[in-house]
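Protein chains in written order, with our numbering: chain A, 384 to 590; chain B, 384 to 590.
To keep things clear, I will list the structure first and then write my remarks on it.
2 protein chains.
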Amino acid sequence: MIDEPLRIGVLASGRGSNLQAVLDATARPGFPARVALVVSDRERAQALERAARAGVPARFISPKDFGDREAYDAAVSAALDTAGVELVCLAGYMRIVGVAFVRRWSGRLMNIHPSLLPAFPGLHPQRQALDHGVKVAGATVHFVDEGVDTGPIILQASVPVLDADTEESLSERILVEEHRLYPEAIRLFAERRLRVSGRRVILEARG
Amino acid sequence: MIDEPLRIGVLASGRGSNLQAVLDATARPGFPARVALVVSDRERAQALERAARAGVPARFISPKDFGDREAYDAAVSAALDTAGVELVCLAGYMRIVGVAFVRRWSGRLMNIHPSLLPAFPGLHPQRQALDHGVKVAGATVHFVDEGVDTGPIILQASVPVLDADTEESLSERILVEEHRLYPEAIRLFAERRLRVSGRRVILEARG
Chain A
384 MIDEPLRIGV LASGRGSNLQ AVLDATARPG FPARVALVVS DRERAQALER AARAGVPARF
444 ISPKDFGDRE AYDAAVSAAL DTAGVELVCL AGYMRIVGVA FVRRWSGRLM NIHPSLLPAF
504 PGLHPQRQAL DHGVKVAGAT VHFVDEGVDT GPIILQASVP VLDADTEESL SERILVEEHR
564 LYPEAIRLFA ERRLRVSGRR VILEARG
Chain B
384 MIDEPLRIGV LASGRGSNLQ AVLDATARPG FPARVALVVS DRERAQALER AARAGVPARF
444 ISPKDFGDRE AYDAAVSAAL DTAGVELVCL AGYMRIVGVA FVRRWSGRLM NIHPSLLPAF
504 PGLHPQRQAL DHGVKVAGAT VHFVDEGVDT GPIILQASVP VLDADTEESL SERILVEEHR
564 LYPEAIRLFA ERRLRVSGRR VILEARG
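Right under this line is the structure:
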């Protein structure tokens with residue numbers, strides 16, 4: 384019996400470069416997951432175009448159509464359910480997801496953040512890193528919990544910070560690692576090799 | 384004219400493995416600094432034996448001989464002055480240095496910390512890192528300011544955290560980087576190549 388690929392949903396608001404890395408990886412033969420739905424909260428998000436170009440279902444769900452965050456999140460959850468999504472990946476999603484959404488998808492909700500968490504959570508982590516004067520920066524894929532960028536860490540990768548770096552040049556260097564890490568984390572999840580133990584995510588040997 | 388090597392003082396309380404790395408590096412021909420004095424606040428510190436073995440002046444200064452931290456710190460400063468010390472390096476020094484000492488040696492006082500600061504300042508950073516579940520850890524050499532492990536960062540290096548790591552195995556992996564970083568930071572300081580700009584330490588090109 385051949386396992387069906389894991390169905391993933393990607394929530395994206397912007398340029399969608401991490402979405403593109405996930406689309407590219409999941410399109411490769413034998414990859415154990417595929418993108419079943421892309422949802423964006425912004426009508427003009429480049430992410431929606433990328434999904435269309437990859438032949439993946441994509442929906443713009445407008446926050447204006449809902450009274451509050453909870454109602455909006457519920458609509459997103461409903462769309463993900465309808466698409467049979469088993470894992471939700473935030474990829475440049477600029478809305479804070481509510482507690483109900485986090486609980487609904489607990490253990491099946493990932494985010495990628497361009498810092499070596501727990502350093503520099505929240506907005507503009509690359510700028511925070513430069514302002515703080517660190518010499519090593521990086522990227523983190525983590526499960527989402529109810530805090531801001533506080534959930535159990537799945538994968539991290541480091542990059543050097545150079546004296547001449549701007550926010551743009553550092554962001555680009557980190558992005559290379561993001562594009563490698565996110566598909567890898569999704570693959571490990573799809574292969575059921577991630578076991579969460581307290582705050583730690585343990586990588587199980589291949590079955 | 385040949386520059387005299389920079390005279391450094393090392394404050395150490397314990398095993399002295401970073402002191403040893405500094406002693407080894409500074410003993411190499413052409414290294415632009417040498418250890419002029421080792422001070423310990425513990426009579427039985429292995430650091431004192433290491434200094435003796437390297438033929439470097441070493442002094443135990445007993446905290447019991449002084450009424451408070453300020454008086455103790457002043458005695459340490461006096462010993463460093465007498466030895467003509469131009470740069471002070473904390474290396475496993477278990478006492479918190481007071482504000483007066485920090486100000487007295489401002490810009491000429493370094494510490495090494497076994498984490499990628501600003502993550503995991505304070506005690507037991509390796510254990511903190513394991514408990515938090517990070518996948519990348521590391522070491523930081525920084526100038527000391529009035530906070531705990533908050534000063535401008537000179538050098539950092541990262542190491543992977545493995546699922547099987549204990550506090551000991553992770554500490555050992557980080558220590559390899561510490562032994563490389565501290566002599567390198569001292570060399571750069573001695574060559575006057577470190578320029579502090581706000582929180583950032585800029586590496587100047589070789590003159």
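Backbone N, C-alpha and C define an ideal beta-carbon position, used for all residues, glycine too.
Note that the coordinates shown come from a computational prediction; the quantities given were computed from them, not determined experimentally.
Cβ-Cβ distance between residue i and residue j below 8 Å
{"i": "A:Arg570", "j": "A:Pro415", "result": "yes"}
{"i": "A:Ala483", "j": "A:Glu453", "result": "yes"}
{"i": "A:Leu586", "j": "A:Glu567", "result": "no"}
{"i": "A:Ala404", "j": "A:His562", "result": "yes"}
{"i": "B:Pro504", "j": "B:Asp532", "result": "yes"}
{"i": "B:Gly467", "j": "B:Ala428", "result": "no"}
{"i": "B:Asn494", "j": "B:Val527", "result": "yes"}
{"i": "B:Arg374", "j": "B:Leu406", "result": "Here chain B comprises residues numbered 384 to 590, so residue 374 of chain B is not present and cannot be evaluated."}
{"i": "B:Glu469", "j": "B:Arg390", "result": "yes"}
{"i": "B:Leu513", "j": "B:Glu550", "result": "yes"}
{"i": "A:Gly521", "j": "B:Val519", "result": "yes"}
{"i": "B:Val579", "j": "B:Gly490", "result": "yes"}
{"i": "A:His515", "j": "B:Arg582", "result": "yes"}
{"i": "A:Arg589", "j": "A:Arg575", "result": "no"}
{"i": "B:Gln509", "j": "B:Ser554", "result": "yes"}
{"i": "B:Ala410", "j": "A:Ala502", "result": "no"}
Contact list for residue i against chain A, beta-carbon separation under 9 Å
{"i": "B:Asp514", "result": "Gly581, Arg582 and Arg583"}
Spatial neighbours of residue i in its chain, beta-carbon cut-off 8 Å, leaving aside the 5 residues before and after
{"i": "B:Ile444", "result": "Val422, Ser423, Asp424, Tyr455, Ala458, Val459 and Ala462"}
{"i": "A:Met384", "result": "With a pLDDT of only 47 at A:Met384, under the threshold of 50, the placement of this residue in the model should not be trusted; the figure read from the coordinates follows. Same-chain partners within the cutoff: there are none."}
{"i": "A:Ser552", "result": "Leu545"}
{"i": "B:Ala435", "result": "Ala441"}
{"i": "A:Ala430", "result": "Val393, Ala395, Ser396, Gly397, Arg398, Gly399, Leu402, Val421, Ser423, Ala441, Ala474 and Gly475"}
{"i": "B:Gly481", "result": "Arg452, Glu453 and Asp456"}
Contacts around residue i, its chain only, beta-carbon distance under 7 Å, and the 5 residues preceding and following it disregarded
{"i": "A:Tyr476", "result": "Leu394, Ala395 and Ser396"}
{"i": "B:Ile536", "result": "Leu500, Thr523, His525 and Val584"}
{"i": "B:Asp548", "result": "Leu513"}
{"i": "B:Phe449", "result": "Tyr455 and Ala458"}
{"i": "A:Val485", "result": "Leu492, Val527, Asp528 and Glu529"}
{"i": "B:Arg408", "result": "Before going further, note that residue 408 of chain B is Ala rather than Arg in the sequence given. Here the set comprises Phe414 and Pro566."}
{"i": "A:Val542", "result": "Ala520, Gly521, Arg556, Ile557 and Glu560"}
{"i": "A:Val439", "result": "Leu406, Val418 and Val421"}
{"i": "B:Trp488", "result": "Val471"}
Proximal chain B residues relative to residue i, where beta-carbon distance stays under 7 Å
{"i": "A:Asp407", "result": "The contacting residues do not exist; A:Asp407 stays about 23 Å from chain B at best."}
{"i": "A:Ser541", "result": "Val519 and Ser541"}
{"i": "A:Asp546", "result": "Ile585 and Leu586"}
Beta-carbon proximity list for residue i, same chain, < 6 Å, skipping 5 on both sides
{"i": "A:Ala474", "result": "Val393, Ala395, Asn401 and Leu402"}
{"i": "B:Ala382", "result": "Outside the displayed range of chain B (384 to 590) lies residue 382 of chain B, so it cannot be described from this structure."}
{"i": "A:Pro446", "result": "Asp424 and Tyr455"}
{"i": "A:Arg478", "result": "Asp424"}
{"i": "A:Ala437", "result": "Leu406"}
{"i": "B:Glu426", "result": "Phe443"}
{"i": "A:Ala573", "result": "Leu389, Pro415 and Ala416"}
{"i": "A:Asp386", "result": "none"}
Chain A residues whose Cβ lies nearer than 7 Å to that of residue i
{"i": "B:Leu431", "result": "None at all; the shortest Cβ gap to chain A is about 32 Å."}
Where residue i meets chain A, residues with beta-carbon distance less than 8 Å
{"i": "B:Pro535", "result": "Gly516"}
{"i": "B:Leu538", "result": "Lys518"}
Any non-hydrogen atom of the ligand GDP closer than 7 Å to residue i Cβ
{"i": "B:Asn494", "result": "For the structure depicted, the ligand GDP is absent and the ligand set is empty, with no information on it obtainable."}
Problem set entry | Complete runs of the beta strand (DSSP E) confined to the segment 456-521 of chain B [at least 3 residues] | As far as the segment 456-521 of chain B is concerned, its whole beta strand (DSSP E) runs of at least 3 residues are 470-473 and 492-496.
For this session: Report the residue ranges of all alpha helix (DSSP H) runs contained in full by the segment 525-550 of chain A; include only those spanning at least 4 residues, in chain order.
Result: Complete alpha helix (DSSP H) runs here, min 4: none at all.
Problem set entry | the segment 486-509 of chain A: positions lying closer than 9 Å to chain B by Cβ | Leu499, Leu500, Pro501, Ala502 and Phe503
For this session: Ignoring anything shorter than 3 residues or poking outside the segment 392-437 of chain B, list the beta strand (DSSP E) runs there in chain order.
Result: 416-423
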